[in-house]
Amino acid sequence: MKQIDLFHPRVFRDQDWAEGYYKRNRKSIEKVGQRLARLLKSMGFTEGTILDVGCGFATVPIEIAKAFPKAKITGIDLGEPLLKIGRKLIKNNGLENQIVLLNGDAQNLQYDDSSFDLVINSFLIHIVEDPIQMLNEIERVAKPEGIILITDLRRGFLAYIIKKFRTAHTLEEATGLLGKSKISYGRFASGPFWWDYIVDNTTMGKL
Ligand SMILES: C[S@@+](CC[C@H](N)C(=O)[O-])C[C@H]1O[C@@H](n2cnc3c(N)ncnc32)[C@H](O)[C@@H]1O
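Counting in the working numbering, the sequence shown runs from 2 upward without gaps.
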């Protein structure tokens, strides 16, 4: 099945859209955050500085913060209504000392080179205008010995049933995109509805 154009704005700036998006997706994103936390534990991650590029309503950082109480997380997004929801959730979970959310562009990160031990990016590859520019920025701000964890929807058989999956990449298309970026040395893992791309000390990279 062919990829279709996004049927919603790239940046979730609209208050009603953001609230609807939060209500529809909070449970599934919670599970994604928990899955990524388990994955990080299995990789030996324990603590450090984390950047979540395009954090939305911050449920991934919240789950990561709960799993790694010594981690310090910055989430950036251009969608203020989602950041507002995220800040409320962070407060409700008592995680203000661990997570800060800021307005920022995933394609032009406001951080120095080699700033973060871990960079996370969930469900943006099929959303942003220039995913390769975003990937190169992610590579730039991650420490050479750091971890990069990217995940996105996979356009597979679910695309026949659920429209949003039609806007995503197939595993082959994702492989092509990542291969053109500065983090072409990572490894893929995938499930029926998603793919992960992992850069760590088991992949030959910047080190
Ligand atoms: C599908 S949501 C994913 C949000 C979050 N990562 C999650 O897993 O819940 C896509 C997010 O990307 C944000 N976004 C799109 N383009 C962006 C850009 N250039 N810079 C920062 N955020 C962007 C949107 O505002 C939205 O919050």
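Cβ atoms here follow ideal geometry from the backbone N, Cα and C, with glycine treated the same way.
Residue i: first and last residue of the uninterrupted alpha helix (DSSP H) it sits in
{"i": "Pro62", "result": "60-68"}
{"i": "Leu154", "result": "Here Leu154 belongs to no alpha helix (DSSP H); instead the beta strand (DSSP E) covers 143-154."}
{"i": "Asp17", "result": "16-43"}
Residue i in three-state terms, based on DSSP
{"i": "Leu79", "result": "coil"}
{"i": "Ile86", "result": "helix"}
{"i": "Leu136", "result": "helix"}
{"i": "Ser71", "result": "The sequence shown places Lys at residue 71, not Ser. Three-state DSSP puts Lys71 in coil, outside helix and strand."}
{"i": "Leu96", "result": "coil"}
{"i": "Leu110", "result": "coil"}
Cutoff 7 Å; reference residue i; Cβ partners in own chain excluding five residues on either side
{"i": "Asp201", "result": "Met44, Ile148"}
{"i": "Tyr22", "result": "Phe13"}
{"i": "Leu103", "result": "Thr75, Ile77"}
Element boundaries [beta strand (DSSP E), containing residue i]
{"i": "Leu125", "result": "Premise fails: Leu125 is in no beta strand (DSSP E) and is neither H nor E."}
{"i": "Arg188", "result": "188-191"}
{"i": "Thr176", "result": "Thr176 -> not in any beta strand (DSSP E); alpha helix (DSSP H) instead, spanning 172-181."}
{"i": "Val101", "result": "100-104"}
{"i": "Val12", "result": "Where Val12 is concerned, there is no enclosing beta strand (DSSP E), given that its DSSP letter is neither H nor E."}
{"i": "Thr50", "result": "50-54"}
{"i": "Tyr198", "result": "195-200"}
Sequence-distant residues of the same chain with beta carbon closer than 6 Å to residue i, five excluded per side
{"i": "Glu31", "result": "Thr60"}
{"i": "Leu159", "result": "Phe166, Phe194"}
{"i": "Asn94", "result": "Ile63"}
{"i": "Thr50", "result": "Lys73, Phe117, Asp118"}
{"i": "Gly55", "result": "Asp78, Ala107, Leu125"}
{"i": "Met101", "result": "A small correction: the amino acid at residue 101 is Val; Met does not occupy that position in the sequence shown. Thr75, listed in sequence order."}
{"i": "Gly187", "result": "Tyr198, Ile199, Val200, Thr204"}
Contacting residues, own chain, Cβ-Cβ under 8 Å from residue i (five flanking each side not counted)
{"i": "Leu90", "result": "Phe58, Ala59, Thr60, Ile63"}
{"i": "Gln108", "result": "Val129, Glu130, Asp131, Gln134, Met135, Glu138"}
{"i": "Ser191", "result": "Arg155, Leu172, Asp197"}
{"i": "Asp113", "result": "Val142"}
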